[in-house]
Amino acid sequence: MEIGKTRRWQWLVALALAGVMQFAALGTAAAQEVNQALNVWFDVLFDENGQVKEITPVDEASQSPGFWKQMTARLQKAKIPPRQEEGRNATFRTGVVLYLA
239 MEIGKTRRWQ WLVALALAGV MQFAALGTAA AQEVNQALNV WFDVLFDENG QVKEITPVDE
299 ASQSPGFWKQ MTARLQKAKI PPRQEEGRNA TFRTGVVLYL A
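Counting in my numbering, the sequence shown runs from 239 upward without gaps.
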């Protein structure tokens, strides 16, 4: 049963971040010409209110510091429904991927 809850939360995170991903793709395309799709991964900790508390880029050496700063700033605006454990709000750590086309 716990696996089902985890999958449900991952799905909610993906839906909540859909808007952020669209803006990230537009912002990056304006900054530089993108010739191919790019996927970037983050480890994100959401607090008890569903707001981003901590963002860590995965494979940070693959892109410039300016790129990560821009993507982190956009992802910082994300919010998800608060995670519930035993009837109380709890923190939630998950992987987040941004698809940049």
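Positions of the beta carbon are idealized from the N, C-alpha and C atoms, including for glycine.
Only a predicted model underlies this, so the values are computations on that prediction, with no experimental measurement involved.
Within 10 angstroms of the Cβ of residue i, are there 16 or more other Cβ atoms? Answer buried if so, exposed if not.
i    : result
V335 : exposed
F280 : buried
L283 : exposed
G333 : exposed
M239 : The predicted position of M239 is uncertain, since its pLDDT is 49 and thus under 50; a value taken from the coordinates is nonetheless stated next. Burial call: exposed.
When you compare each of the options to residue i by their alpha carbons, which one comes out closest?
i    : options                : result
T294 : I318, V278, N273, L338 : V278
K291 : A316, L338, A339, Y337 : A316
D285 : G333, A339, Y337, N327 : N327
G288 : A339, F330, L338, Y337 : F330
R312 : A275, P320, L338       : L338
Give the straight-line distance between the Cα atoms of residue i and residue j, rounded to the nearest whole angstrom.
i    : j    : result
T310 : Q322 : 25 Å
E298 : G325 : 36 Å
Q308 : I318 : 20 Å
P303 : V296 : 13 Å
S300 : L276 : 11 Å
Q314 : N273 : 26 Å
What span of residues does the beta strand (DSSP E) with residue i cover, start to end?
i    : result
A230 : The requested residue 230 is not part of the displayed model; the chain covers only 239 to 339.
Q322 : 321 to 323
Q290 : One detail in the question is off: residue 290 reads as Val in this sequence, not Gln. Counting along the chain, the beta strand (DSSP E) containing V290 begins and ends at 290 to 295.
N287 : No beta strand (DSSP E) contains N287, which DSSP labels as neither H nor E.
With residue i as the anchor, note down where its alpha helix (DSSP H) starts and where it stops.
i    : result
K307 : 303 to 313
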